[in-house]
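A short write-up of the structure that comes next.
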Amino acid sequence: MNIIKIAAVFAFGALAACETIDGAGRDISTAGQVVSDTARDVQEDL
């Protein structure tokens, strides 16, 4: 559960750091990748 919280904080930080539409797209893509990786890790732990 802590991994999900860390991923959420990272995602919000990435979104806050972007200054352009292009940057926002990259940040959203990165955040999505983090969420996907976290979900995969949780599934493997089950």
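Numbering (our numbering), first residue to last: 122 to 167. All residues carry an ideal CB built from backbone N, CA and C; glycine is no exception.
So the candidates are ASP166, GLN154, LEU167, ALA137; which of them puts its Cα closest to the Cα of ALA128? GLN154
Confirm the yes/no value for this check: CB of ALA160, any heavy atom of the ligand GTP, distance under 8 Å. For the ligand GTP, the structure offers nothing, since it holds no ligand at all.
Got a sec? Which residues, its chain only, sit under 8 Å from ALA137 by beta carbon, not counting five neighbours each side? none
Excluding five sequence neighbours on each side, which residues of the same chain lie with their C-beta closer than 7 Å to the C-beta of ILE125? THR159
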